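K.L.:
Residue numbers (my numbering): -6 to 75. Quick reminder that beta carbons are idealized off the backbone N, C-alpha and C, glycines included. Note that the structure is a prediction, hence the values are computed from the model and not measured.
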Amino acid sequence: MQEKKEERELIAELGILKKRIEEVDTRFDLEVDDDLIDACIYEKNSLMARYRHLLKYAKEQGFTCHPCRQMMRFEGEYLSWE
């Protein structure tokens, strides 16, 4: 029961990260100030590092999830924990 709760929380956190990455991408596309463009790049890199960490953790814990729900495309590559 505890493992399923942890798995649900992990899925929710991945969803939040996906939304935040999409928001950063939108800001990046609209930004004109060089410093703020750099800030968007650093923020996205940070979020992607967190996302990859959570996928690695999920694999280590043996969590499974429907691949269509958790496979996300970023920077031309697909990231999935399965």
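Can you tell me where the alpha helix (DSSP H) holding D28 begins and where it ends?
P.N.:
From DSSP, the alpha helix (DSSP H) with D28 extends over 27 to 54.
K.L.:
Please report the distance separating the alpha-carbon of R20 from that of E36.
P.N.:
Near 11 Å, if we compare the C-alpha coordinates of E36 and R20.
K.L.:
Can you tell me where the alpha helix (DSSP H) holding T19 begins and where it ends?
P.N.:
Counting along the chain, the alpha helix (DSSP H) containing T19 begins and ends at -5 to 23.
K.L.:
Taking G8 as the reference, which of V25, R43, K(-3) has the closest Cα?
P.N.:
Considering only alpha carbons, the answer is R43.
K.L.:
For E24 and R45, I'd like the C-alpha separation in whole angstroms.
P.N.:
Straight-line Cα distance between these residues: approximately 26 Å.
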